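Numbering (my numbering), first residue to last: 280 to 453.
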């Protein structure tokens with residue numbers, strides 16, 4: 280299940296914890312399953328839901344949100360520097376027919392940014408496939424990943440639990 284529901288489930292089961300560790304990633308099994316639509320490496324439905332029962336797919340988003348909203352999703356969740364141009368192209372393409380597959384979306388992005396895009400600050404030499412940031416942004420939006428993280432942190436705080444967050448040599452309590 281979604282980690283945002285962990286505090287509620289723990290209460291239901293009468294469990295307690297001294298710490299919470301949230302796995303913010305997804306598995307390679309999910310990525311490799313073309314039916315999940317998480318990868319642009321092969322053709323698959325434009326889905327991207329980590330929980331297949333979720334209400335919104337990536338196809339729903341790219342085919343319904345405004346150009347401005349799509350641009351903001353790509354900018355905020357993917358740090359895509361070509362967010363406006365990609366959003367503009369997506370809206371233009373979907374006027375002809377809905378965008379349904381990972382390959383279609385990847386090709387749209389490639390047509391805007393080229394075949395490779397710099398990944399480092401200042402346009403360093405290291406490159407990533409051009410659709411990487413767009414797919415990341417849509418996956419985060421479809422699964423409300425940041426909202427779920429906020430919900431988890433709020434639930435832990437409401438429960439009166441102290442959660443220790445460690446990073447490098449620093450640690451803090453929230």
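The beta carbon of each residue, even a glycine, is placed where N, CA and C say it ideally should be. Quick caveat: nothing in here was measured; it's all calculated off a predicted structure.
Helix, strand or coil at residue i according to DSSP, with G and I counted as helix
i, result
"residue 378", "coil"
"residue 413", "helix"
Supposed contact pair residue j and residue i - C-beta distance, whole angstroms, cut 8 Å
i, j, result
"residue 337", "residue 421", "5 Å"
"residue 285", "residue 431", "7 Å"
"residue 412", "residue 375", "Between residue 375 and residue 412 the Cβ distance is about 24 Å, and since that is not below 8 Å, they are no contact."
Endpoints, alpha helix (DSSP H) assigned at residue i
i, result
"residue 323", "Element bounds for residue 323: n/a, residue is neither H nor E."
"residue 285", "285 to 292"
"residue 343", "337 to 343"
"residue 355", "346 to 357"
"residue 429", "424 to 437"
Length of the line joining the Cα atoms of residue i and residue j
i, j, result
"residue 392", "residue 294", "50 Å"
"residue 305", "residue 354", "21 Å"
"residue 434", "residue 302", "16 Å"
"residue 372", "residue 390", "11 Å"
"residue 429", "residue 377", "32 Å"
"residue 419", "residue 410", "14 Å"
"residue 311", "residue 436", "36 Å"
Exercise. Is there contact between the segment 326 to 335 and the segment 363 to 377, where contact requires at least three CB pairs shorter than 8 Å?
Worked result: no
Taking one C-beta from the segment 316 to 325 and one from the segment 375 to 393 each time, how about it: are there three or more such pairs within less than 8 Å? yes
>> Is it the case that the segment 290 to 302 contacts the segment 338 to 345, given that we only count it when at least three CB pairs across the two stretches are under 8 Å?
In response: No: fewer than three Cβ pairs fall under 8 Å.
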